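Undergrad: Residue numbers (the numbering used here), protein chains in the order written: chain U, 1 to 449; chain W, 1 to 307. Here a beta-carbon is modelled for each residue, glycine too, at the ideal position from N, C-alpha and C. Because the structure is a prediction, the values reported are computed rather than measured.
Written out as structure tokens, the structure reads:
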């Protein structure tokens with residue numbers, strides 16, 4: 001997201017080259033399909049150790065924006081230059097279409113060889129035996145922090161390797177704080193109550209020209225941080241709901257306190273700002289001084305606001321019994337359990353994960369690289385915004401107690417549940433206590449199904 | 001004799017050619033038949049079968065009998081989506097038909113530039129199902145959108161219409177009413193069919209315009225009204241794009257725009273509960289089918305056929 005803008009001038013040429021490669025690759029796939037499908041059902045089951053017959057062709061599926069597609073194509077080109085007998089076929093869509101397309105490809109028996117996965121879906125796919133056990137493949141994960149690597153394990157099996165890491169953080173606009181005559185709070189000590197009073201003070205101080213903060217209740221990550229600060233967790237490693245009703249109720253109460261104090265917009269506006277993404281939200285449009293976002297969104301937020309934004313820890317880090325912030329795997333690289341070419345797929349994942357060349361093209365577009373050596377190597381190439389993210393991530397590293405385990409099967413519905421219940425709370429159709437009961441019932445039903 | 005022979009040979013010639021024509025017809029119809037079999041009938045059969053299974057797309061379907069169908073009635077979101085859909089259909093379709101008929105009556109007066117007006121009013125029907133219009137709708141009915149700016153001129157402080165659970169469905173219904181062009185064109189054609197002499201006779205008898213409308217226009221137009229009603233009801237039950245785009249894909253705010261087909265999609269592709277989604281599709285078919293049957297039965301009592 002943040003890599004746009006500092007691209008070399010020969011963009012057009014590269015794109016042409018890229019699409020030519022893409023067309024050639026598609027043509028090759030078609031040829032391969034026409035050639036015979038005996039390989040798919042044939043020897044894939046029990047002989048992965050035997051050397052693969054190449055030239056071979058693997059398909060890599062990912063989601064994202066145009067800048068990611070271009071960068072990924074460059075990485076594929078670099079990989080193919082190193083491994084002339086392997087062809088990588090690109091298969092990309094935007095986020096919304098990705099999961100529909102992936103599910104239908106799997107249903108049709110046409111699973112991509114290398115699949116980009118995400119936290120909310122990886123359990124579903126791994127429990128249905130769609131993903132290969134990466135532990136059996138030749139991928140070097142020694143440079144990835146164990147805690148981060150564990151984010152891609154389900155019951156001890158490595159189904160995904162984190163591409164990079166993000167943290168859920170509070171983004172603040174110091175210019176708007178200054179305009180309102182309010183100091184940017186000290187994020188190592190501030191409490192949840194401070195968060196409410198600060199936001200209300202900003203709105204007050206600006207003469208209600210800007211709001212203090214954007215509502216945080218649509219994303220379960222904030223709830224998870226608050227739960228962890230209290231020694232709870234959203235999902236236990238056993239895959240059960242681990243948050244108490246009291247915490248959920250308190251979480252929603254913060255939003256109501258903010259609306260009442262003028263620190264955040266009314267319910268209808270909040271719903272609109274939420275739908276408008278980072279660019280159209282309060283920070284992006286200079287209409288609010290704070291918001292809670294993933295660290296990889298800082299670039300998009302800064303670009304559209306035009307202000308120098310700061311990253312802060314979420315409130316309450318020193319208030320509870322422990323800290324709640326964590327590293328979230330931005331996404332995962334997974335390999336299909338049915339791939340005809342497990343070795344080539346592993347080689348490609350290894351390249352994506354460990355190659356400095358690949359990292360220098362990708363920068364932080366798939367999160368701050370999970371491979372710590374590679375992360376060091378690209379620091380100088382990062383934009384000032386991305387450097388800020390890297391610094392922030394380094395700052396909180398020692399404070400992080402642990403990273404949450406992969407959410408259980410069925411958690412893909414969580415986003416919808418949060419959105420629905422938060423809206424009901426904001427429009428005061430249910431109280432935070434009722435919201436807590438409803439949340440727990442609905443999430444339990446979703447993960448049981 | 002020879003004449004008869006000649007005739008019969010001629011006959012044979014014709015019938016041989018007819019046979020050949022039939023084969024050609026089949027050939028030309030083939031793409032349509034293949035399409036029907038592969039693209040419509042095949043998937044329909046598959047979905048009927050899937051509706052009796054537990055199927056998550058990623059692993060093989062498991063037969064569960066009628067469970068998907070019985071589960072629906074314990075699912076509060078399913079019942080909510082039924083409520084939303086019925087409200088949407090039974091409020092917006094009559095309004096849409098009224099708007100279509102009203103405009104058709106105006107245009108039937110023989111305005112100058114009729115073709116232009118007809119096109120202008122038909123345009124929304126072409127655009128109304130599109131994503132672009134749905135996005136535009138979001139803007140217009142947003143908290144700082146056009147509607148509220150106009151209201152502000154009159155000193156009224158508006159709502160964020162699309163983002164408020166009490167009004168969001170209203171904006172969708174307004175969008176449906178606005179796409180009255182297709183029924184309007186059909187009404188216009190229907191109005192042209194009514195013989196002028198009825199009106200002339202009524203005018204001589206001193207009937208007012210309202211009386212003429214009630215006693216001549218409406219009765220003679222009932223077949224057209226019926227046709228439009230059946231068509232628009234069926235279409236409204238299947239509305240998807242608008243709700244999907246206006247609500248940001250989840251039927252929000254708080255399920256107030258959760259139309260039936262949108263929930264079906266969310267179940268199938270969001271929760272990967274394809275068996276349940278298939279059962280919902282078949283249940284919708286039953287609803288629409290049942291309603292159409294009722295419509296036809298009821299039509300005996302109010303639709304008047306002139307011939």
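(1) Buried or exposed for residue 426 of chain U, please, with buried defined as at least 16 other CB atoms from any protein chain shown within 10 angstroms of its CB.
(2) Per the contact definition of three or more C-beta pairs closer than 8 Å, is the region 165-185 of chain W in contact with the region 94-110 of chain W?
(3) Name the residues in the region 186-213 of chain U whose C-beta lies less than 7 Å from a C-beta of chain W; which are they?
(4) Can you give the Cα-Cα distance for residue 73 of chain U and residue 328 of chain U, rounded to whole angstroms?
(5) With a floor of 4 residues, list each alpha helix (DSSP H) that falls wholly inside the region 83-164 of chain U, ordered by position along the chain.
(6) Quick check on DSSP: helix, strand or coil for residue 47 of chain U?
(7) Taking all protein chains shown into account, decide if residue 229 of chain U is buried (16 or more other Cβ within 10 angstroms of its Cβ) or exposed.
(8) With 7 Å as the limit, tell me which residues of the region 162-196 of chain W have their beta carbon closer than that to any beta carbon of chain U; keep them in chain order.
(9) So, is the C-beta of residue 99 of chain U closer than 9 Å to a C-beta in chain W?
(10) Among all the DSSP beta bridges, which residues are the ones paired with residue 59 of chain U?
(11) Against residue 143 of chain W, what residues of chain U qualify as contacts under a CB-to-CB distance less than 7 Å, listed in chain order?
(12) Name the two residues that bound the continuous beta strand (DSSP E) containing residue 291 of chain U.
(13) So, is the C-beta of residue 242 of chain W closer than 9 Å to a C-beta in chain U?
(14) Mind pulling the alpha helix (DSSP H) runs of 4 or more residues that sit fully within the region 232-273 of chain U?
(15) With a Cβ-Cβ cutoff of 9 Å, do residue 375 of chain U and residue 358 of chain U count as a contact?
(16) Do you know whose CA, among U:267, U:352, U:365, lies nearest residue 294 of chain U's CA?
(17) Am I right that residue 88 of chain W and residue 173 of chain W are in contact with their C-beta atoms under 8 Å? What's the rounded C-beta distance?
(18) Can you tell me whether DSSP reads residue 302 of chain U as helix, strand or coil?
(19) If I follow the unbroken beta strand (DSSP E) through residue 213 of chain U, where does it start and stop?
(20) Under DSSP, the beta strand (DSSP E) around residue 327 of chain U begins and ends at which residues?
(21) Name the one or two DSSP bridge partners that residue 455 of chain U has.
(22) What number of angstroms, rounded off, separates the C-alpha of residue 153 of chain W from the C-alpha of residue 145 of chain W?
(23) By DSSP, does residue 271 of chain W sit in helix, in strand, or in coil?
(24) Name the residues in the region 423-448 of chain U whose C-beta lies less than 9 Å from a C-beta of chain W; which are they?
(25) Roughly how many whole angstroms lie between the Cα atoms of residue 104 of chain U and residue 390 of chain U?
(26) Using 8 Å for Cβ pairs, my map puts residue 344 of chain U next to residue 54 of chain U. What's the rounded Cβ distance?
(27) Is the distance from the Cβ of residue 211 of chain U to the Cβ of residue 262 of chain U below 9 Å?
(28) Let me make sure I understand the geometry here. Which of W:284, W:233, W:265, W:187 has the alpha-carbon closest to that of residue 222 of chain W?
(29) Give me the Cα-Cα distance between residue 84 of chain W and residue 169 of chain W, rounded to the nearest whole angstrom.
(30) Hey, out of W:262, W:217, W:303, W:46, whose CA is closest to residue 237 of chain W's CA?
(31) Leaving aside the five residues before and after residue 76 of chain U along the sequence, list all residues of the same chain whose C-beta is less than 6 Å from its C-beta, in chain order.
(32) Between the C-alpha atoms of residue 76 of chain W and residue 82 of chain W, what's the straight-line distance to the nearest angstrom?
(33) Considering just the uninterrupted stretch of the alpha helix (DSSP H) at residue 310 of chain U, what are its terminal residues?
(34) At 9 Å on the CB atoms, spell out the chain U contacts of residue 249 of chain W, in chain order.
(35) Expressed to the nearest angstrom, what Euclidean distance is found between the alpha-carbon atoms of residue 167 of chain U and residue 198 of chain U?
(36) Give me the Cα-Cα distance between residue 195 of chain U and residue 58 of chain U, rounded to the nearest whole angstrom.
TA: Reading from the atomic positions:
(1) Your numbering for residue 426 of chain U matches position 426 in the first chain. With 16 or more Cβ atoms within 10 Å of its Cβ, residue 426 of chain U is classed as buried.
(2) yes
(3) none
(4) Within the first chain, numbered from 1, the residue matching residue 73 of chain U stands at position 73. Within the first chain, numbered from 1, the residue matching residue 328 of chain U stands at position 328. Using only the alpha carbons, I get a separation of about 25 Å.
(5) 95-107, 119-127, 146-149
(6) If you number the first chain from 1, residue 47 of chain U lands on position 47. Reliability fails at residue 47 of chain U, whose pLDDT of 41 lies under 50, so the model's placement of it is uncertain and no value is given.
(7) Sequence index remark: in the first chain, residue 229 of chain U carries index 229 (1-based). Buried is the call here.
(8) 163, 164, 165
(9) Translated into the one-based positions of the first chain, residue 99 of chain U becomes position 99. Yes - at least one Cβ of chain W is within 9 Å of the one on residue 99 of chain U.
(10) Here the question's residue 59 of chain U lines up with position 59 in the first chain. Note: residue 59 of chain U sits in a beta bridge opposite U:89.
(11) To locate residue 143 of chain W, count along the second chain from 1; it is residue 143. Neighbours of residue 143 of chain W on chain U, chain order: 268, 269, 272.
(12) To locate residue 291 of chain U, count along the first chain from 1; it is residue 291. Here the beta strand (DSSP E) through residue 291 of chain U covers 288-294.
(13) The residue labelled residue 242 of chain W in the question sits at position 242 within the second chain. No, because no Cβ of chain U sits closer than 9 Å to the Cβ of residue 242 of chain W.
(14) The qualifying runs are 245-260.
(15) Walking along the first chain from the start, residue 375 of chain U turns up at place 375. Walking along the first chain from the start, residue 358 of chain U turns up at place 358. No. Outside cutoff.
(16) Translated into the one-based positions of the first chain, residue 294 of chain U becomes position 294. Nearest C-alpha to residue 294 of chain U: U:365.
(17) Taking the second chain and counting its residues from 1, the one referred to as residue 88 of chain W is at position 88. Taking the second chain and counting its residues from 1, the one referred to as residue 173 of chain W is at position 173. With a Cβ gap of about 6 Å, residue 88 of chain W and residue 173 of chain W count as contacting.
(18) Position 302 of the first chain, counting from 1, holds the residue named residue 302 of chain U. It is helical.
(19) Taking the first residue of the first chain as 1, we reach residue 213 of chain U at position 213. Residue 213 of chain U -> beta strand (DSSP E) spans 211-213.
(20) By 1-based counting over the first chain, the position of residue 327 of chain U is 327. Note, residue 327 of chain U: beta strand (DSSP E), 327-329.
(21) With chain U represented from 1 up to 449, any question about residue 455 of chain U goes unanswered, as that position is not in the structure.
(22) Residue numbering aside, residue 153 of chain W sits at position 153 when the second chain is read from its first letter. Residue numbering aside, residue 145 of chain W sits at position 145 when the second chain is read from its first letter. In a straight line, the C-alpha of residue 153 of chain W is about 13 Å away from that of residue 145 of chain W.
(23) Here residue 271 of chain W refers to the residue found at position 271 of the second chain. Coil.
(24) 423, 424, 426, 427, 429, 446
(25) Taking the first residue of the first chain as position 1, residue 104 of chain U is located at position 104. Taking the first residue of the first chain as position 1, residue 390 of chain U is located at position 390. Roughly 37 Å between the two C-alpha positions.
(26) Counting from one through the first chain, the residue named residue 344 of chain U turns up at place 344. Counting from one through the first chain, the residue named residue 54 of chain U turns up at place 54. Separation of the CB atoms of residue 344 of chain U and residue 54 of chain U is rounded to 7 Å, and the pair is thereby assigned contact status at 8 Å.
(27) To locate residue 211 of chain U, count along the first chain from 1; it is residue 211. To locate residue 262 of chain U, count along the first chain from 1; it is residue 262. Result yes, Cβ atoms of residue 211 of chain U and residue 262 of chain U sit closer than 9 Å.
(28) Here residue 222 of chain W refers to the residue found at position 222 when the second chain is read from its first residue. Checking every option, the nearest Cα to that of residue 222 of chain W belongs to W:187.
(29) Sequence index remark: in the second chain, residue 84 of chain W carries index 84 (1-based). Sequence index remark: in the second chain, residue 169 of chain W carries index 169 (1-based). The straight-line gap from Cα to Cα measures roughly 8 Å.
(30) Position 237 of the second chain, counted from the first residue, corresponds to residue 237 of chain W. W:262 is the residue among W:262, W:217, W:303, W:46 whose C-alpha sits nearest the C-alpha of residue 237 of chain W.
(31) As a working note, residue 76 of chain U is residue 76 in the first chain. Excluding residues within five positions, the ones whose Cβ falls inside 6 Å are 88.
(32) Counting from one through the second chain, the residue named residue 76 of chain W turns up at place 76. Counting from one through the second chain, the residue named residue 82 of chain W turns up at place 82. Near 10 Å, if we compare the C-alpha coordinates of residue 82 of chain W and residue 76 of chain W.
(33) For the purposes of this step, residue 310 of chain U is taken as residue 310 along the first chain, with counting starting at 1. From DSSP, residue 310 of chain U is part of no alpha helix (DSSP H) but of the beta strand (DSSP E) over 310-312.
(34) Position 249 of the second chain, counting from 1, holds the residue named residue 249 of chain W. Against residue 249 of chain W, the close residues of chain U are 96, in the order they occur along the chain (beta-carbon pairs closer than 9 Å).
(35) In the first chain, residue 167 of chain U corresponds to position 167, counting from 1. In the first chain, residue 198 of chain U corresponds to position 198, counting from 1. Between residue 167 of chain U and residue 198 of chain U, the C-alpha separation is close to 22 Å.
(36) Locating residue 195 of chain U in the first chain gives position 195, counting from the first residue. Locating residue 58 of chain U in the first chain gives position 58, counting from the first residue. Each residue's alpha carbon lies about 49 Å from the other.
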